[in-house]
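Novice: Right, I'll just put the structure down here and ask away after.
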Amino acid sequence: MTVIDIHPHIISDDADRYPPAPLFGKRSDWSQERPCTVASLIAAMDEAGVDKAAVVHSSTTYGFDNSYVVDGCNEYPDRLIAVGSVDVAADDAVSTIRAWTDRGLKGLRIFTGGSTKDFDPTELENPAAYPAWEVLGDLGIPMCIQTGPIGLPQVRDLAVRFPKVNIILDHLGRPDVLDGPPYANADSLFAMADLPNIYLKLTPRIMGDVTKGQASADTFFPKVAAVFGANRMAWGSNFPTSPGTLSDILATARDRLACLSDEDQNWVFAKTAQTLYPALKD
C-alpha cells in the first residue's frame, strides 16, 4: 500500500538563511526541541516506509515566510510538495498566493490557534480574505484550517461560500470524543459531512483521544468513515511536532485504523491525499 503523509513539518538548521519569525510572536517549543530538516524528514520517511508527503509550513517558526518549506520540498520534487501560509486578509494576498504557487506551493493553511495561542475563529469570517479564497478556487489550491469546534461555524460558511475550494480540517477539528458512542459531543463535526468540500486530517491527536474515556478506535473511526466517507479522510503524522519517530507514529495510525476495510485504509493513507494534491500522484 502506498503511504502518503499530509502533515509533517520541517525546520531549517540555517537560521541565517531562514530566520525564525513566528506568527503571534511566540515560537513553538517543538520547533526548538525537535527540529527536523528536510533531509532528516526524507530519512525518516525512508525508515518508516512513507512514500510521499505534503509538508506543512511551520507558521509558529517562520510566520508567513514559506521559503524553507518551498525550497526544501523543491529539493525532493519526486517525494514532497509544500503547503504554506499566507495572510489571506492582506491587501496583496492574491498576488502573494500567485507568487508562492509560482515557486512551487501546492496548498495553503490558516493557523487560527494551537500550541502557541488560543483559537480565534474571527479571522475566518473576515471579508477582506474573500479575494484570496476566490483565487484558491481558480488555482485548485486546497486550504487546511487549524481550529477547534469553536471555529466550525465559520468553516461551514467558507465551505458554502467557496465550493470550489477543498477545505481540510487539521486534526479533525479537534472533536471531543471522550463521551464515546454515539459521540454526541462531536455532533458539530459530523454536521459538516453534508459539505462535499470538507476533508478530515487524521493525526496523532485523534489517535490518542480514541484511547481515552469511553472512546475507542473501533467505534469512532468506522462512524467517521460511514458519515464522511473514507475518500474524505487522510492521514497526517504531525511529525516531529508529535513526539516519537515517524515509524512509531505510522504504526500507531495503522493499528487504530485496522478497524476499517482495506479499501478505506487505502483512501486514508494515500488516495485521499492524491485527490487533494494531484502532484502526489506523479
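Its first residue numbered 22, the sequence shown is counted upward by one per residue in the numbering used here. For every residue, glycine included, the Cβ atom is placed at its ideal position computed from N, Cα and C. On a predicted model such as this, the values are computed, not experimentally measured, just so you know.
So, Gln175 versus Glu155, is the Cβ gap smaller than 8 Å?
Specialist: As a first step, residue 175 must be located in the sequence shown, where it is residue number 154. As a first step, residue 155 must be located in the sequence shown, where it is residue number 134. Not a contact, by the Cβ cut-off of 8 Å.
Novice: Measure the alpha-carbon distance for Pro203 versus Asp215 and round it to whole angstroms.
Specialist: Locating residue 203 in the sequence shown gives position 182, where the first residue counts as 1. Locating residue 215 in the sequence shown gives position 194, where the first residue counts as 1. The alpha-carbon atoms of Pro203 and Asp215 are separated by roughly 18 Å.
Novice: Ile171 and Pro148 - do their beta-carbons sit closer together than 8 Å?
Specialist: For the purposes of this step, residue 148 is taken as residue 127 along the sequence shown, with counting starting at 1. For the purposes of this step, residue 171 is taken as residue 150 along the sequence shown, with counting starting at 1. In this structure, Ile171 does not lie closer than 8 Å to Pro148 by Cβ.
Novice: By how many angstroms is the C-alpha of Trp256 removed from the C-alpha of Val91?
Specialist: Here residue 91 is taken as the residue at index 70 of the sequence shown, counted from 1. Here residue 256 is taken as the residue at index 235 of the sequence shown, counted from 1. Distance between the alpha carbons of Val91 and Trp256: 21 Å.
Novice: Would you grab the beta carbon distance between Gly84 and Leu44 for me? Rounded to a whole angstrom, and I think it's under 8 Å.
Specialist: Within the sequence shown, the letter at position 63 stands for residue 84. Within the sequence shown, the letter at position 23 stands for residue 44. Indeed, because the Cβ distance is near 5 Å, the residues count as touching under 8 Å.
Novice: Taking the straight line between their C-alpha atoms, what separation do you get for Thr273 and Met228?
Specialist: The residue you call residue 273 lines up with position 252 of the sequence shown. The residue you call residue 228 lines up with position 207 of the sequence shown. Cα-Cα distance, rounded: 7 Å.
Novice: Taking the alpha-carbon of Thr23 as reference, which of Ala207, Gly70, Cys57 has the nearest alpha-carbon?
Specialist: Sequence index remark: in the sequence shown, residue 23 carries index 2 (1-based). Measuring from the Cα of Thr23, the nearest candidate turns out to be Gly70.
Novice: Do you know how far the Cα of Leu223 is from the Cα of Asp195?
Specialist: Against the sequence shown, residue 195 aligns to sequence position 174. Against the sequence shown, residue 223 aligns to sequence position 202. According to the sequence displayed, residue 195 carries Arg and not Asp. Roughly 10 Å between the two C-alpha positions.
Novice: For the beta strand (DSSP E) containing Tyr220, list its first residue and its last residue.
Specialist: Looking up residue 220 in the sequence shown gives position 199. Element bounds for Tyr220: 219-223.
Novice: By Cβ distance, which residues of its chain are closer than 6 Å to Leu101, with the 5 residues on each side in sequence left out?
Specialist: Here residue 101 refers to the residue found at position 80 of the sequence shown. For Leu101, where only same-chain residues beyond five positions count, the Cβ hits under 6 Å are Ala74, Val76, Cys94.
Novice: Give the single residue among Gly46, Ser80, Lys47, Asp37 whose Cα lies nearest to the Cα of Ile31.
Specialist: One-based indexing of the sequence shown puts residue 31 at position 10. Residue Ser80 is the option with its Cα nearest to Ile31.
Novice: Excluding the 5 residues flanking Lys127 on each side, which residues of the same chain have their C-beta closer than 8 Å to its C-beta?
Specialist: As a first step, residue 127 is located in the sequence shown; it is residue number 106 there, counting from the start. Counting only Cβ-Cβ distances below 8 Å, and skipping sequence neighbours, we find Ala75, Ile102, Ala103, Val104, Ile162, Tyr298, Ala300.
Novice: When the Cα atoms are used, what is the spatial distance from Asp17 to Leu193?
Specialist: With the chain covering 22 to 303 only, the question about residue 17 has no answer from this structure.
Novice: May I ask you to list the residues that DSSP assigns as paired with Trp256?
Specialist: Within the sequence shown, numbered from 1, the residue matching residue 256 stands at position 235. Paired residues: Leu223.
Novice: Assuming contact is defined by CB atoms lying nearer than 8 Å, are Val231 and Ser237 in contact in what I supplied?
Specialist: To locate residue 231, count along the sequence shown from 1; it is residue 210. To locate residue 237, count along the sequence shown from 1; it is residue 216. Yes, they are a contact pair.
Novice: Find the nearest neighbour of Thr266 within the set Ser33, Phe249, Ala65, Val59, judged by alpha-carbon distance.
Specialist: Mapped onto the sequence shown, residue 266 falls at position 245. When each option's Cα is compared against that of Thr266, the closest is Ala65.
Novice: Considering only C-alpha positions, which residue in the set Lys47, Gly125, Gly201, Gly250 is nearest to Thr82?
Specialist: Within the sequence shown, numbered from 1, the residue matching residue 82 stands at position 61. For Thr82, the nearest C-alpha among the options comes from Lys47.
Novice: I'd like the span of the beta strand (DSSP E) that includes Gln167, first residue to last.
Specialist: Counting from one through the sequence shown, the residue named residue 167 turns up at place 146. Per DSSP, Gln167 belongs to the beta strand (DSSP E) from 164-167.
Novice: Which residues share a DSSP beta bridge with Phe132?
Specialist: Indexing the sequence shown from 1 puts residue 132 at position 111. Partner(s): Gln167.
Novice: Can you pull the DSSP bridge partners for Lys73?
Specialist: On the sequence shown, residue 73 is found 52 positions in, with the first residue counted as 1. DSSP, once it has assigned bridges, lists Ile25 as partnering Lys73.
Novice: Figure out for me which residue from Arg226, Thr117, Tyr220, Glu284 has the closest Cα to the Cα of Thr296.
Specialist: For the purposes of this step, residue 296 is taken as residue 275 along the sequence shown, with counting starting at 1. Here the closest residue by C-alpha is Tyr220.
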